[in-house]
Amino acid sequence: MRSHRLALLFLLALTQLVSCRSGSRWRWRDSKPGKPRYDRVETPETETVEHVDEYHGKEVRDPYRWLEDMESDGVRSWIEAQNKATRGYLDGLPLRGRIRERMDELINFERYGVPFKEGGRYFFRKNDGLQNQSVLYVSDSLEGEARMLLDPNTLSEDGTVALRGTDVSPDGRHLAYSISRGGSDWREIKVRDIETGQDLAADHLKWIKFAGASWLKDGSGFFYRRLPEPEEGKALSAASMGGKIYFHALGTPQDEDRLVYERPDKPKWSLFPEMSDDGRYLIIYVSTGSTGDNGLFYKDLAADGPVVELVATFDAQTSFLDSDGDAWWVVTDHDAPTRRVMRIDLKNPSREEWQEVIPAGKYSIEGIVVAGGHFVVHYLRRAQSLLKVHTLDGAFVRDVALPPACSVGGLGGKRTDGEAFFGASGFLFPRTTYRYDVAANELTVFRSPKVKFDPDAFVVKQFAYPSTGETHVTIFVMHRKDLKLDGKNPARLYGYGGFDISMTPWFSTSNIVWMEMGGVFAVANLRGGGEYGQDWHRAGMLKKKQNVFDDFIAAANSLVYSGYTSHRRLAIEGGSNGGLLVGACMTQAPEKFGACLPAVGVMDMLRYDKFTVGRAWATEYGSSDDPEMFPVLRAYSPYHNLRPGMKYPATMVTTGDHDDRVVPAHSYKFAARLQACQAGPAPCLIRIETKGGHGAGTPISKILDARTDAFAFLARVLGAAAPRSTAK
Numbered sequence: 010m011r012s013h014r015l016a017l018l019f020l021l022a023l024t025q026l027v028s029c030r031s032g033s034r035w036r037w038r039d040s041k042p043g044k045p046r047y048d049r050v051e052t053p054e055t056e057t058v059e060h061v062d063e064y065h066g067k068e069v070r071d072p073y074r075w076l077e078d079m080e081s082d083g084v085r086s087w088i089e090a091q092n093k094a095t096r097g098y099l100d101g102l103p104l105r106g107r108i109r110e111r112m113d114e115l116i117n118f119e120r121y122g123v124p125f126k127e128g129g130r131y132f133f134r135k136n137d138g139l140q141n142q143s144v145l146y147v148s149d150s151l152e153g154e155a156r157m158l159l160d161p162n163t164l165s166e167d168g169t170v171a172l173r174g175t176d177v178s179p180d181g182r183h184l185a186y187s188i189s190r191g192g193s194d195w196r197e198i199k200v201r202d203i204e205t206g207q208d209l210a211a212d213h214l215k216w217i218k219f220a221g222a223s224w225l226k227d228g229s230g231f232f233y234r235r236l237p238e239p240e241e242g243k244a245l246s247a248a249s250m251g252g253k254i255y256f257h258a259l260g261t262p263q264d265e266d267r268l269v270y271e272r273p274d275k276p277k278w279s280l281f282p283e284m285s286d287d288g289r290y291l292i293i294y295v296s297t298g299s300t301g302d303n304g305l306f307y308k309d310l311a312a313d314g315p316v317v318e319l320v321a322t323f324d325a326q327t328s329f330l331d332s333d334g335d336a337w338w339v340v341t342d343h344d345a346p347t348r349r350v351m352r353i354d355l356k357n358p359s360r361e362e363w364q365e366v367i368p369a370g371k372y373s374i375e376g377i378v379v380a381g382g383h384f385v386v387h388y389l390r391r392a393q394s395l396l397k398v399h400t401l402d403g404a405f406v407r408d409v410a411l412p413p414a415c416s417v418g419g420l421g422g423k424r425t426d427g428e429a430f431f432g433a434s435g436f437l438f439p440r441t442t443y444r445y446d447v448a449a450n451e452l453t454v455f456r457s458p459k460v461k462f463d464p465d466a467f468v469v470k471q472f473a474y475p476s477t478g479e480t481h482v483t484i485f486v487m488h489r490k491d492l493k494l495d496g497k498n499p500a501r502l503y504g505y506g507g508f509d510i511s512m513t514p515w516f517s518t519s520n521i522v523w524m525e526m527g528g529v530f531a532v533a534n535l536r537g538g539g540e541y542g543q544d545w546h547r548a549g550m551l552k553k554k555q556n557v558f559d560d561f562i563a564a565a566n567s568l569v570y571s572g573y574t575s576h577r578r579l580a581i582e583g584g585s586n587g588g589l590l591v592g593a594c595m596t597q598a599p600e601k602f603g604a605c606l607p608a609v610g611v612m613d614m615l616r617y618d619k620f621t622v623g624r625a626w627a628t629e630y631g632s633s634d635d636p637e638m639f640p641v642l643r644a645y646s647p648y649h650n651l652r653p654g655m656k657y658p659a660t661m662v663t664t665g666d667h668d669d670r671v672v673p674a675h676s677y678k679f680a681a682r683l684q685a686c687q688a689g690p691a692p693c694l695i696r697i698e699t700k701g702g703h704g705a706g707t708p709i710s711k712i713l714d715a716r717t718d719a720f721a722f723l724a725r726v727l728g729a730a731a732p733r734s735t736a737k
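Next up, the structure:
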């Protein structure tokens with residue numbers, strides 16, 4: 010159907026570029042916004058193989074099923090051919106060099122993680138600017154000189170080995186750190202002597218996902234979650250639910266680890282260990298899905314007691330906060346959609362006897378830490394962070410002063426320490442890390458980075474727009490102050506809308522570059538997210554999932570109606586569940602968008618639960634095995650709702666060939682079908698990152714490559730300008 014014409018694409022690109030070099034800076038003829046332009050791209054024809062499934066008496070064709078065999082030679086050849094066509098187009102785009110140059114300039118600043126204290130020492134991560142992975146440091150005091158403890162950049166030449174977790178023993182002597190390779194969710198745990206900086210020879214643990222090390226109080230070992238070793242060549246698609254809890258004694262090989270808890274009678278239960286700060290309790294979280302509803306079990310280590318099923322109803326989210334002997338504090342959304350804090354007496358633990366400490370209120374509780382003998386509570390108000398201090402009896406003490414319109418992240422501390430740490434960032438300022446003295450109510454800056462741009466050149470607004478069902482949805486919109494709202498601006502609309510995840514202000518240098526290109530950037534707080542509590546979340550899941558897509562399409566209409574952009578110059582963007590969002594909206598209303606960027610998306614809603622951790626999402630989406638949910642899923646599944654002869658927006662699908670969370674077959678099948686169905690002039694590409702996964706741990710170099718490609722693509726198809734620096 011289509012053949013690759015690389016030379017023609019380069020010829021088209023070169024006609025737009027005046028490539029005079031002066032030092033390291035490009036001069037461009039095309040520095041002003043242009044007209045949206047589509048270039049014909051000849052993508053490889055994808056073979057179809059007749060395959061039909063039957064769901065509850067309905068036949069469903071799946072001609073690209075063969076792309077699910079992700080390790081086959083045929084799929085590898087298909088990846089190479091698709092990437093060749095995509096690179097032939099992207100590498101020739103006229104603004105790509107200038108965009109990448111500005112990306113490099115802006116990202117090159119010192120960035121600090123939120124510090125934490127353990128064993129009398131402070132630990133934090135730092136990135137000098139362009140390092141692929143941030144480096145872990147340790148210091149005896151916040152004011153003292155820090156020394157490097159672990160540099161993950163030395164673990165691989167291309168930065169694709171990432172430091173995923175750090176757990177320090179309570180005595181401060183050892184670091185259990187987890188690494189992942191090539192973007193995979195699979196982790197390995199190693200143990201490092203903090204004083205010498207050397208790894209212990211025997212301690213190397215494998216086949217771990219979504220969990221780290223939970224140390225005993227004396228530092229002699231730790232609990233961890235382990236999954237079965239997958240069959241040879243099946244690690245990418247192996248199931249991620251289930252698992253067992255083991256204890257690893259320091260200085261011993263993994264095959265000597267002691268099995269602590271398993272539930273072979275409950276194969277859908279996923280078990281996650283955590284230790285109480287006093288070292289008395291092993292807390293076991295039990296998950297049956299991804300909505301957050303969980304069981305809460307425990308084992309009293311001091312009494313060597315049995316595992317007690319404290320909460321086994323799986324009808325709410327309940328999280329352990331702290332303990333004082335037989336008294337526990339937990340946060341729960343049971344009968345409290347915005348969450349509340351409860352006190353449990355383990356001698357009389359029935360839910361009816363729980364005592365309310367901090368009641369549910371108007372604003373949703375996003376997180377809590379017990380520090381300095383107080384609760385420091387993180388609330389969300391209109392998707393923006395608030396911090397409030399309460400006594401352990403629940404009495405309100407004070408608000409903590411925060412920057413306006415910010416997001417708090419990394420909130421941490423201990424009841425026995427007088428300090429808490431957190432980071433705060435906004436759309437126009439990078440994360441500043443803070444130390445909060447709880448008793449003195451003193452907030453001091455640990456690190457405040459500097460970025461080469463002028464935040465005063467931009468404006469951020471928040472307003473509410475109408476969607477279906479008389480629902481109003483909040484949205485953040487930002488752009489240069491000198492932008493004319495004439496409906497001619499290129500715009501990016503970002504959304505997620507699922508899994509109780511909140512879209513709050515965050516800083517991204519790539520978003521600054523986009524606005525310097527004359528672009529508008531918008532983030533919608535769709536139903537399905539966690540911004541307004543569990544009622545908001547549940548209004549966008551299962552049979553109500555269509556509400557999320559309606560909210561996103563309504564956001565697009567609102568941006569156009571308000572003069573920010575036009576449908577032809579509007580791009581929608583999202584990843585993972587957000588990739589599903591983009592895929593569903595572009596198949597339901599292709600005329601509303603000029604470009605689509607679905608990343609690592611869940612595109613086959615009839616088969617998503619057949620891979621890795623997918624079956625855990627059935628509590629959020631429902632399953633095609635359910636005769637009531639099958640027609641719901643079939644109605645919006647992006648892969649199944651692409652129609653031959655339709656004119657779809659310019660689209661660049663992105664995924665990673667090592668993604669073992671949302672397996673890349675979702676994107677492969679969707680892109681292949683999209684290319685076959687496309688009847689319009691807009692290019693439909695797939696960009697497949699080799700040695701890349703779902704996103705976590707991606708090296709900076711690959712992040713910059715991906716964002717440069719995306720913005721160069723959008724500049725071409727939406728008509729954006731070259732970035733114009735706002736640095737003072």
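Quick note: to get our numbering, add 9 to the position in the sequence shown (first position is 1). Glycine is no exception: its CB is placed at the ideal position from the N, C-alpha and C atoms.
Coil, strand or helix - S416 by DSSP: Note: S416 maps to strand in three-state DSSP.
Ordered list of beta strand (DSSP E) runs contained in the stretch 668-707, each at least 3 residues: Segments of the beta strand (DSSP E) lying fully in the stretch 668-707: 693-698.
Counted within 10 angstroms of its Cβ, other Cβ atoms place A448 as buried (16 or more) or exposed: A448 is exposed by the Cβ-count criterion.
CB of A392 within 9 Å of CB of N520, strictly: A392 is not a Cβ neighbour of N520, given a cutoff of 9 Å.
Simplified DSSP assignment, three categories, for L411: In the structure shown, L411 sits in coil (DSSP, three-state: anything other than H, G, I, E or B).
P658 beta carbon less than 9 Å from that of T664: For T664 and P658, no; Cβs fall outside 9 Å.
C-beta atoms of D100 and R725 nearer than 9 Å: Contact annotation: D100 and R725 have beta-carbon atoms that are not nearer than 9 Å.
contact_flag[the stretch 668-682, the stretch 62-82] where n(CB pairs < 8 Å) is 3 or more: Verdict: yes, contact present.
Residues bridged to T483 [DSSP beta-bridge criterion]: Partner residues in the beta bridge of T483, as assigned by DSSP, are A473.
Start and end residues, alpha helix (DSSP H) containing F462: Run containing F462: none; DSSP gives neither H nor E here.
Beta-carbon proximity list for A321, same chain, < 7 Å, skipping 5 on both sides: Excluding residues within five positions, the ones whose Cβ falls inside 7 Å are G304.
CB contact check: S178 to chain B, cutoff 9 Å: The structure shown contains no chain B; it holds only a single protein chain.
Distance, F722 Cα to F125 Cα: Rounded to whole angstroms, F125 to F722 spans 41 Å at the Cα level.
Closest residue to V611 among E241, L492, G584 and I108 (Cα-Cα distance): Nearest option by C-alpha distance: G584.
Simplified DSSP state of K601, which is helix, strand or coil: In the structure shown, the three-state DSSP call for K601 is helix.
Distance between A312 and D559 (C-alpha atoms, nearest Å): Approximately 54 Å, taken between the alpha carbons.
Within 9 Å, strictly: CB atoms of H387 and L396: Going by C-beta atoms, H387 is nearer than 9 Å to L396.
Through-space distance from E127 to S148, alpha-carbon basis: Taking the straight line from one Cα to the other gives about 11 Å.
Boundaries (first-last residue) of the beta strand (DSSP E) holding R173: Membership of R173 in the beta strand (DSSP E) is indicated by the continuous run V170 to V177.
Bridge partner(s) assigned by DSSP for Y388: In DSSP, Y388 forms a bridge with I374 and L395.
Supposed contact pair K490 and F508 - C-beta distance, whole angstroms, cut 8 Å: Between the beta-carbon of F508 and that of K490 there is about 35 Å, and that puts the pair past the 8 Å contact cut.
Terminal residues of the alpha helix (DSSP H) in which P628 lies: The sequence given here places Thr at residue 628; Pro does not occur at that position. In this chain, the alpha helix (DSSP H) harbouring T628 covers A627 to Y630.
Same chain only: Cβ atoms within 7 Å of W523, ignoring 5 sequence neighbours per side: Within the same chain, and ignoring the five residues on either side of W523 in sequence, the residues whose Cβ sits closer than 7 Å to its Cβ are R501, F530 and F720.
DSSP-derived helix/strand/coil call for F281: F281: strand per DSSP, three-state reduction.
For K739, the three-state DSSP class (helix, strand or coil): Summary: the structure shown does not reach residue 739, with the chain confined to residues 10 through 737, and so no result is reported for it.
Rounded C-alpha distance that separates P179 from H343: Cα to Cα, P179 sits roughly 32 Å from H343.
Cβ distance (whole Å) where T441 is taken to contact A429 below 8 Å: Contact doesn't hold; Cβ gap of about 15 Å is too wide.
Proximity below 9 Å, CB of E119 to CB of R456: Yes, the pair counts as a contact, with Cβ atoms nearer than the cut-off.
The stretch 286-293 in contact with the stretch 240-253 per 3-pair CB rule at 8 Å: With a cut-off of 8 Å, the stretch 240-253 and the stretch 286-293 do not count as touching, because too few Cβ pairs lie within range.
Through-space distance from I116 to E154, alpha-carbon basis: Each residue's alpha carbon lies about 25 Å from the other.
Same chain only: Cβ atoms within 6 Å of V532, ignoring 5 sequence neighbours per side: Excluding the 5 residues flanking it on each side, V532 has same chain C-beta neighbours closer than 6 Å at F485, Y503 and M512, in chain order.
When E637, S646, Y573 and V662 are compared against L606, the one with the closest alpha-carbon: Nearest C-alpha to L606 among E637, S646, Y573 and V662: V662.
In chain order, each beta strand (DSSP E) run of at least 3 residues that lies wholly inside the stretch 286-333: The qualifying runs are 290-296, 303-309, 316-320 and 327-333.
Residue closest to G374, alpha-carbon to alpha-carbon, out of F679, Y541 and Q684: It is Ile, not Gly, that sits at residue 374 in the sequence shown. Per the Cα distances, Y541.
CA-to-CA distance, G427 to D202, given in whole angstroms: Distance from the CA atom of D202 to the CA atom of G427, rounded to whole angstroms, is 27 Å.
N-terminal and C-terminal residue of the alpha helix (DSSP H) that H546 is part of: Where H546 is concerned, the enclosing alpha helix (DSSP H) stretches over Q543 to R547.
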